[in-house]
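Trainee:
In mature numbering (1 follows the signal peptide of the UniProt record, and there is no 0), the protein residues as written are -21 to -1, 1 to 383.
1. Report the residue ranges of all alpha helix (DSSP H) runs contained in full by the segment 67 to 116; include only those spanning at least 4 residues, in chain order.
2. Could you tell me the alpha carbon to alpha carbon distance between residue 264 and residue 258, rounded to whole angstroms?
3. Along the chain, where does the alpha helix (DSSP H) that runs through residue 22 open and close?
4. How would you call residue 290, buried or exposed, if buried means at least 16 neighbouring beta carbons within 10 angstroms?
5. Any heavy atom of the ligand GTP closer than 8 angstroms to the beta-carbon of residue 299?
6. Who are the near neighbours of residue 96 in its chain, counting only those whose CB is closer than 6 angstroms to its CB and skipping five residues on each side?
7. Whole angstroms is fine: what's the gap from residue 179's alpha carbon to residue 185's?
8. Expressed to the nearest angstrom, what Euclidean distance is found between the alpha-carbon atoms of residue 147 and residue 135?
9. Here's a check: name, in chain order, each residue in its chain whose Cβ is nearer than 6 angstroms to the Cβ of residue 30, leaving out the five neighbours to either side.
10. Compare the C-alpha of residue 317 against each of 327, 336, 341 and name the closest.
11. Taking all protein chains shown into account, decide if residue 260 is buried (16 or more other Cβ within 10 angstroms of its Cβ) or exposed.
12. What separation, rounded to the nearest whole angstrom, lies between the Cα atoms of residue 140 and residue 286?
13. Starting from residue 42 and walking both ways along the beta strand (DSSP E), at which residues does that stretch end?
14. At 3 residues or longer, what runs of the beta strand (DSSP E) sit wholly inside the segment 195 to 250?
15. Is residue 244 closer than 9 angstroms to residue 223 when the C-beta atoms are compared?
16. Give me the residue from 116, 191, 90 with the minimum Cα distance to residue 392.
17. Give me the Cβ distance between residue 330 and residue 62, rounded to the nearest whole Å; I'm assuming they're in contact under 8 angstroms.
18. On the premise that residue 322 lies in contact with residue 314, defined as a C-beta separation below 8 angstroms, what is that separation, rounded to the nearest angstrom?
19. Do the CB positions of residue 310 and residue 76 come within less than 9 angstroms of each other?
20. What are the residues that DSSP puts in a beta bridge with residue 264?
21. Could you tell me the alpha carbon to alpha carbon distance between residue 183 and residue 175, rounded to whole angstroms?
22. Spatial neighbours of residue 210 within its chain, please: C-beta separation below 8 angstroms, excluding the five flanking residues on both sides.
23. DSSP three-state call for residue 58: helix, strand or coil?
24. In this structure, what does DSSP give as the bridge partners for residue 52?
25. For residue 88, I'd like the list of residues in its chain whose CB is within less than 7 angstroms of its CB, leaving aside the five on either flank, ordered along the chain.
26. Quick check: the segment 40 to 58 against the segment 214 to 233, are there 3 or more CB pairs under 8 angstroms?
27. Take every Cβ of the segment 193 to 200, pair it with every Cβ of the segment 228 to 238, and state whether three or more of those distances are shorter than 8 angstroms.
28. Taking the beta carbon of residue 152 as the centre, do at least 16 other beta carbons fall within 10 Å, making it buried, or is it exposed?
29. Please look up how many angstroms separate the CB atoms of residue 353 and residue 72, rounded, as I've assumed it's under 8 angstroms.
30. Mapping the DSSP letters down to three states, classify residue 339 as helix, strand or coil.
31. Restricting to Cα atoms, I'd like to know which of 40, 283, 84 is closest to residue 348.
32. Please classify residue 50 as buried or exposed, where buried requires at least 16 other C-beta atoms within 10 Å of its C-beta.
33. Under three-state DSSP, which class holds residue 176?
34. Just to confirm my understanding: we take residue 121, look at its own chain, exclude 5 residues before and 5 after, and list those with CB closer than 6 angstroms. What are they?
35. For residue 255, which residues does DSSP report across the bridge?
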């Protein structure tokens, strides 16, 4: 798979030098590389954060423009849409509820092996699908964002609020509404995480926004100072802090081509992708998630239990060892094993005007996030975002001895 080849190519040239030591010595090299990436890929701007997971020292970089029309420079304080990296938060919340249930802190018995029909019985056709199948993309449920009319309607009614029920019904009414039997294959579907958000609300009688705030954002105030769940219109204060996002891809979403999409509702993304954040806050999340601070023991193992993504290297949807060379997907997180540097945990996210990727590399004691404020032919897939992130890392002389 191309993603794996990109990562392997860059990590192969890394020495065992400390990333943080090189950042201390050479921050200007990182800045220069980010500037080159923004120019080479014709991006408006980018925000990059890197955290030493041992010392929690943080380096933030920005380049280019946050607003092309007004020529406002990108700053690391700008908020941007993080898209599907939201899924790692939702999966972690569900696992936290499982942990609390096992500890007797909830008045319900809940675990991810339970069928969806136990909690959302209104979707009878999906009643036997396990909650785990939603989170690791093996449910087979149709992806509502593949519906041909969805984005046309968003273009016509940019402020319309797409409720979770309406989004799920786009998938439920599709014929067929499942593409395979649960657990028998892997197929990415945003519907899984809209359902997961509905499940969280059904279990707790609280909104997803409340749960994210109470259990993550406000519980760790030193880590999360500028990150918000925005499944409807932005508060004015948040909108003013946004870097503007641009759609420059005309083949998939021609209705938004060359538009500033910042003000469009994010309700269409909901629990599948409606968080906005600074790059630093998201890098802090990757560190918190994988460092056994938010989830421990059984729940962290469940988060990191992988299934095969790519049929060319293993059977899609089957359990995958963390030692496998194949690309895997856990519960809201992706994984690649590098033969020299071991585990690389990652997820990307794309909306109509932003693309994000986080990388958590334990052996390098590194949590890294790259966010760009454009979707276009140069940067539209996870492969592209990981390539950009690894190109930045490879610019450090003791970390990447070969320039790309």
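Beta carbons are placed, not taken as given, at the ideal position from N, Cα and C, and that holds for glycine.
Mentor: So, from the listed chains and residues:
1. Within the segment 67 to 116, complete alpha helix (DSSP H) segments of at least 4 residues are found at 110 to 114, given in chain order.
2. Stepping through the chain shown from its first residue, residue 264 is reached at position 285. Stepping through the chain shown from its first residue, residue 258 is reached at position 279. The alpha-carbon atoms of residue 264 and residue 258 are separated by roughly 10 angstroms.
3. Numbered from its first residue, the chain shown carries residue 22 at position 43. Note, residue 22: premise wrong, no alpha helix (DSSP H); not H, not E.
4. As a first step, residue 290 must be located in the chain shown, where it is residue number 311. By the neighbour-count rule (16 or more Cβ atoms within 10 Å), residue 290 is not buried but exposed.
5. In the structure shown, the ligand GTP is absent, as is every other ligand, since no ligand is present at all.
6. The residue labelled residue 96 in the question sits at position 117 within the chain shown. Beyond the five residues adjoining it in sequence on each side, residue 96 comes within less than 6 angstroms, by CB distance, of 106 in the same chain, given in chain order.
7. The residue labelled residue 179 in the question sits at position 200 within the chain shown. The residue labelled residue 185 in the question sits at position 206 within the chain shown. Residue 179 and residue 185: Cα-Cα distance of roughly 8 angstroms.
8. The sequence position of residue 147 within the chain shown is 168, counting from 1. The sequence position of residue 135 within the chain shown is 156, counting from 1. Going by the C-alpha atoms only, they are around 20 angstroms apart.
9. Translated into the one-based positions of the chain shown, residue 30 becomes position 51. Excluding positions up to five away in sequence, the list reads 37, 262, 266, 346.
10. The count along the chain shown starts at 1 and reaches residue 317 at position 338. The option with the nearest alpha carbon to residue 317 is 341.
11. Locating residue 260 in the chain shown gives position 281, where the first residue counts as 1. By the neighbour-count criterion, in which 16 or more other beta carbons inside 10 Å mark a residue as buried, residue 260 falls on the buried side.
12. What you label residue 140 is simply residue 161 of the chain shown in a count that begins at 1. What you label residue 286 is simply residue 307 of the chain shown in a count that begins at 1. When rounded, the distance between both Cα atoms is 34 angstroms.
13. The sequence position of residue 42 within the chain shown is 63, counting from 1. Per DSSP, residue 42 belongs to the beta strand (DSSP E) from 37 to 46.
14. If we require 3 residues or more, the beta strand (DSSP E) runs fully inside the segment 195 to 250 come out as 206 to 208.
15. One-based indexing of the chain shown puts residue 223 at position 244. One-based indexing of the chain shown puts residue 244 at position 265. In this structure, residue 223 lies away from residue 244, with their beta-carbon atoms at least 9 angstroms apart.
16. Since the first residue shown for the chain is -21 and the last is 383, residue 392 is missing from the structure and cannot be characterised.
17. Locating residue 330 in the chain shown gives position 351, counting from the first residue. Locating residue 62 in the chain shown gives position 83, counting from the first residue. That belief holds up - the Cβ atoms of residue 330 and residue 62 are roughly 5 angstroms apart, short of 8 angstroms.
18. As a working mapping, residue 314 is identified with position 335 in the chain shown. As a working mapping, residue 322 is identified with position 343 in the chain shown. So it is a contact: roughly 7 angstroms between Cβ atoms.
19. Sequence index remark: in the chain shown, residue 310 carries index 331 (1-based). Sequence index remark: in the chain shown, residue 76 carries index 97 (1-based). With contacts defined as CB atoms closer than 9 angstroms, residue 310 and residue 76 fail to qualify as a contacting pair.
20. Looking up residue 264 in the chain shown gives position 285. Residue pairing from DSSP leaves residue 264 without any beta-bridge partner.
21. Locating residue 183 in the chain shown gives position 204, counting from the first residue. Locating residue 175 in the chain shown gives position 196, counting from the first residue. Those two C-alpha atoms are separated by around 12 angstroms.
22. Taking the first residue of the chain shown as 1, we reach residue 210 at position 231. Here the set comprises 187, 188, 245, 246, 248, 249, 250, 253.
23. The residue labelled residue 58 in the question sits at position 79 within the chain shown. Strand.
24. Here residue 52 corresponds to residue number 73 of the chain shown, with the count starting at 1. The partner list for residue 52 (beta bridge, DSSP) reads 44.
25. On the chain shown, residue 88 is found 109 positions in, with the first residue counted as 1. Cβ neighbours of residue 88 beyond the five flanking positions: 80.
26. The segment 40 to 58 is in contact with the segment 214 to 233.
27. Counting Cβ pairs under 8 angstroms, fewer than three are found: no touch.
28. Position 173 of the chain shown, counting from 1, holds the residue named residue 152. Classification of residue 152: exposed, given that the 10 Å Cβ count is below 16.
29. Start at 1 with the first residue of the chain shown, and residue 353 comes out as number 374. Start at 1 with the first residue of the chain shown, and residue 72 comes out as number 93. Not confirmed; about 30 angstroms, so no contact.
30. By one-based count along the chain shown, residue 339 stands at place 360. It is a strand residue.
31. Working through the chain shown from its first residue, we reach residue 348 at position 369. By alpha-carbon distance to residue 348, the top candidate from 40, 283, 84 is 40.
32. Within the chain shown, numbered from 1, the residue matching residue 50 stands at position 71. Residue 50 counts as exposed, since fewer than 16 other beta carbons sit within 10 angstroms of its beta carbon.
33. For the purposes of this step, residue 176 is identified with residue 197 of the chain shown, where counting begins at 1. In this structure, DSSP gives residue 176 a helical state, which the three-state scheme calls helix.
34. Indexing the chain shown from 1 puts residue 121 at position 142. If we look at residue 121 and ignore the five residues flanking it on each side, its Cβ neighbours are 150, 153, 156.
35. Position 276 of the chain shown, counted from the start, is the residue given in the question as residue 255. Within the DSSP secondary-structure output, residue 255 pairs in a beta bridge with 60, 207.
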